[in-house]
Amino acid sequence: GFRLCRSESRIEGGGVGVFVSSGKINSGSIVALYPGLIYNPGEPIFLPSIGNQYIFRCEDGTLIDGKDFGLSKILFRLSCSKRDGFDLKFSIDVTWMDKHPINPLAIGQYINNCTLTSDQNVSYQEHTFSEKFPKDLLSFIPNCYYSGQVLPYRLTILLISTRDIFQGEELLSNYHTLIV
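In structure tokens form, the structure reads like this:
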């Protein structure tokens, strides 16, 4: 097993990064989830997108806003989590916006971009949890739809290790690649 932590990035100007605090991550493992509010193509995201570095664009144009403060936080917590959590108790994980999330893997938005001197060790992969996914485990999936759609599935972005990653290493992705 392994544990992750958020800490000051080793990349100059990188802000907060994600590190392996204990254990080892095997190549091909799910390392983290990219949490946030899901906007289908054409939905209004202009205001939350201003100055927002946490918006992830999926291959089909779907956007996921992983910003855990400001307007993005308000829209997720007050609008979507309350609305989408109405039918199924605790169906949306809102703790990804807190210092200590229930799901310790819900920190994918803090994984920094690789540099010329630091290669990527994780890649993004779009994944849809189908209606067959256990309902009691949906509470650990930190995504909901802006539109209010009640769908039998939930989209998320997985971060997958591209090699073995060891204790003390910072997780780094390439913002320009996606595994589909």
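Going by my numbering, the residue at position 4 of the sequence shown is 5; the numbering climbs one at a time, nothing skipped. Cβ coordinates follow ideal geometry from the N, Cα and C atoms, glycine included.
Interface flag, residue i vs chain D, CB-CB below 8 Å
i           : result
residue 168 : Checking the listed chains, one finds no chain D in this structure; it contains a single protein chain.
Contact check, residue i vs residue j, beta carbons under 8 Å
i           : j           : result
residue 114 : residue 65  : no
residue 5   : residue 33  : yes
residue 21  : residue 170 : yes
residue 94  : residue 141 : yes
residue 43  : residue 57  : no
residue 28  : residue 3   : no
residue 173 : residue 119 : yes
residue 74  : residue 98  : yes
As assigned by DSSP and simplified to three states, the class of residue i
i           : result
residue 72  : helix
residue 120 : coil
residue 55  : coil
residue 40  : strand
residue 61  : coil
residue 126 : strand
residue 2   : coil
residue 133 : coil
residue 35  : strand
residue 147 : coil
residue 50  : helix
residue 16  : coil
residue 140 : helix
8 Å CB neighbourhood of residue i in its chain, flanking five on each side removed
i           : result
residue 152 : 146
Residues near residue i in its chain [Cβ-Cβ closer than 6 Å; skip 5 each side]
i           : result
residue 11  : 171
residue 102 : 96
residue 100 : none
residue 78  : 95
residue 40  : 46, 64, 147
Distance between beta carbons of residue j and residue i, contact taken as under 8 Å
i          : j           : result
residue 63 : residue 156 : 7 Å
Proximal residues to residue i (C-beta, below 7 Å), its chain only, five neighbours per side dropped
i           : result
residue 167 : 21, 25
residue 116 : 12
**At least 3 beta-carbon pairs within less than 8 Å: the stretch 101 to 108 vs the stretch 31 to 51** = yes
**Message:** Under 8 Å, with one C-beta from each stretch per pair, do the stretch 36 to 56 and the stretch 161 to 169 reach the 3-pair mark?
**Reply:** no
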